[in-house]
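**Student:** Quick mapping for you: the protein sequence lines, in order, are chains A and B.
Numbering-wise (my numbering), the first sequence opens with residue 6 and increments by one.
Numbering-wise (my numbering), the second sequence opens with residue 6 and increments by one.
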Amino acid sequence: GQQLNQSPQSMFIQEGEDVSMNCTSSSIFNTWLWYKQDPGEGPVLLIALYKAGELTSNGRLTAQFGITRKDSFLNISASIPSDVGIYFCAPAGNNRKLIWGLGTSLAVNP
Amino acid sequence: DSGVTQTPKHLITATGQRVTLRCSPRSGDLSVYWYQQSLDQGLQFLIQYYNGEERAKGNILERFSAQQFPDLHSELNLSSLELGDSALYFCASSVVGPYGGGANEQFFGPGTRLTVL
Numbered sequence: 006g007q008q009l010n011q012s013p014q015s016m017f018i019q020e021g022e023d024v025s026m027n028c029t030s031s032s033i034f035n036t037w038l039w040y041k042q043d044p045g046e047g048p049v050l051l052i053a054l055y056k057a058g059e060l061t062s063n064g065r066l067t068a069q070f071g072i073t074r075k076d077s078f079l080n081i082s083a084s085i086p087s088d089v090g091i092y093f094c095a096p097a098g099n100n101r102k103l104i105w106g107l108g109t110s111l112a113v114n115p
Numbered sequence: 006d007s008g009v010t011q012t013p014k015h016l017i018t019a020t021g022q023r024v025t026l027r028c029s030p031r032s033g034d035l036s037v038y039w040y041q042q043s044l045d046q047g048l049q050f051l052i053q054y055y056n057g058e059e060r061a062k063g064n065i066l067e068r069f070s071a072q073q074f075p076d077l078h079s080e081l082n083l084s085s086l087e088l089g090d091s092a093l094y095f096c097a098s099s100v101v102g103p104y105g106g107g108a109n110e111q112f113f114g115p116g117t118r119l120t121v122l
């Protein structure tokens, strides 16, 4: 089966710090999606990437689709308390089936 | 608000019972996906329907079943419930199924929290 590694598993940072997380795989994908899940809520789509090398921003969030199509990263700049939650990467290949990472749990100390 | 609705928000029941979870997709979305998320776990894909037909199956138990109706809403039926079935159940929708064109983006509902006692 397809292996998807999301790291780090958890992060505890100070408010105002920048955050970086990534997902890597041995498989090639056509799409990389990044979601955020607040406790007890459904995941919310943050950024969608559809082209290798693509760099996309959404406010303080920036994500890139790796040039090898096997990885992606998500950066959050100047973190704030509401950034707390679990961040998931979810790539998809030709079959359009999303593969879900195990998530990066982010805690922000005000 | 994603536009995906799920009912009920919370459900408490006993072992051995059967429950039905309901999902209404975003307007215009033809695909519905069901996921299970146990405490502190990732999202486990259960099943996908596209325009009324089953399109993909994940780790769905035989005690679980789903269907999508002509108006595109979907129901997930969980029977002979066990303590380990306690989890958040999410429904998501997207415009396309696995063989169509367009984006892969899935939009999630708020979830149903099932507690089996």
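Heads up, the beta-carbon is just placed ideally off N, CA and C, and yes, glycines get one too.
Source: prediction; values computed, not measured.
#1: Quick one: list the residues of chain B neighbouring L107(A), beta-carbon separation under 7 Å, in chain order.
#2: Are the Cβ atoms of A92(B) and Q41(B) separated by less than 8 Å?
#3: Please confirm whether R101(A) has its beta-carbon closer than 8 Å to some beta-carbon of chain B.
#4: Taking only beta-carbon positions, decide if P115(B) is within less than 8 Å of chain A.
#5: What separation, rounded to the nearest whole angstrom, lies between the Cα atoms of N82(B) and F70(A)?
#6: So for P13(A), helix, strand or coil by DSSP?
#7: What's the C-alpha gap between S43(B) and H15(B)?
#8: Closer than 9 Å, Cβ to Cβ, to anything on chain B: give me those residues from the region 39-64 of chain A, in chain order.
#9: Are the C-beta atoms of T73(A) and some chain B residue less than 8 Å apart?
#10: Is the beta carbon of Y55(A) closer than 8 Å to that of P48(A)?
**Tutor:** The answer reads as follows:
#1: G47
#2: yes
#3: Contact with chain B is found for R101(A), since one of that chain's Cβ atoms lies less than 8 Å from the residue's Cβ.
#4: Judged by the 8 Å Cβ criterion, P115(B) is in contact with chain A.
#5: 37 Å
#6: coil
#7: 14 Å
#8: Against chain B - using a Cβ distance shorter than 9 Å - the residues of the region 39-64 of chain A are Y40, Q42, G45, E46, G47, P48, V49, L50, A53, Y55.
#9: no
#10: no
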